[in-house]
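Chemist:
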Amino acid sequence: MKQDINEKERDRLFHQIVQLEHEEDELRNLKKRREQSLENFIEQFRNISINAEQRLSVNLQNQRFIQETRELELKVEQYGNNQLDGFDYEAKKLLKDIDMKKEKLIHERNSLPWE
0 MKQDINEKER DRLFHQIVQL EHEEDELRNL KKRREQSLEN FIEQFRNISI
50 NAEQRLSVNL QNQRFIQETR ELELKVEQYG NNQLDGFDYE AKKLLKDIDM
100 KKEKLIHERN SLPWE
């Protein structure tokens with residue numbers, strides 16, 4: 000029986016592929032946690048605003064505060080959405096890069112002759 004002369008190279012490539020898949024999983028988990036964190040931040044701010052409005056009696060002085068709070072709430076929501084969009088864009092770029100590297104390694108591994 001012949002020894003496979005490419006076995007070590009095939010194993011090395013396999014381990015690199017597994018490492019890239021691990022990085023891909025970590026990035027997806029990080030993305031999910033980041034999205035959840037920003038969504039929680041927006042929701043908490045919204046709840047604080049609603050609670051503040053409910054506790055204030057309606058008069059002219061408080062109306063201004065309520066309006067400013069609503070404007071700030073919109074800005075916080077826009078900030079959160081911008082952060083989500085930016086992070087989503089960067090994550091997609093990284094995932095695409097990982098996928099391309101993985102495909103290259105798989106192709107390289109699969110093109111090794113079995114001897």
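Sequential numbering of the sequence shown, starting at 0, is according to numbering that gives the first Met the number 0. Glycine is no exception: its CB is placed at the ideal position from the N, C-alpha and C atoms.
(1) Please classify ILE41: is it buried, with 16 or more other beta-carbons within 10 angstroms of its beta-carbon, or exposed?
(2) From this set, LEU26, LEU73, LEU12, GLN77, which residue's C-alpha is nearest LYS95's C-alpha?
(3) Roughly how far, in whole angstroms, is the beta-carbon of GLU23 from the beta-carbon of ILE105, given that I think they are within contact range, below 8 Å?
(4) If we count the other Cβ atoms within 10 Å of its Cβ and call it buried at 16 or more, is GLY85 buried or exposed?
(5) Quick check: the Cα distance between HIS159 and LYS30, rounded to an integer number of angstroms?
(6) Which whole-angstrom value is the C-beta distance of ARG9 and ARG108, which I expect to be below 8 Å?
(7) Please classify LEU59 as buried or exposed, where buried requires at least 16 neighbouring CB atoms within 10 angstroms.
Modeler: Reading it off the structure:
(1) buried
(2) LEU26
(3) Actually they are not in contact, since the Cβ atoms of GLU23 and ILE105 sit about 13 Å apart, beyond 8 Å.
(4) exposed
(5) The question about residue 159 has no answer, for the chain in this structure spans 0 to 114.
(6) Rounded, the Cβ-Cβ distance is 6 Å, consistent with contact.
(7) By the neighbour-count rule (16 or more Cβ atoms within 10 Å), LEU59 is not buried but exposed.
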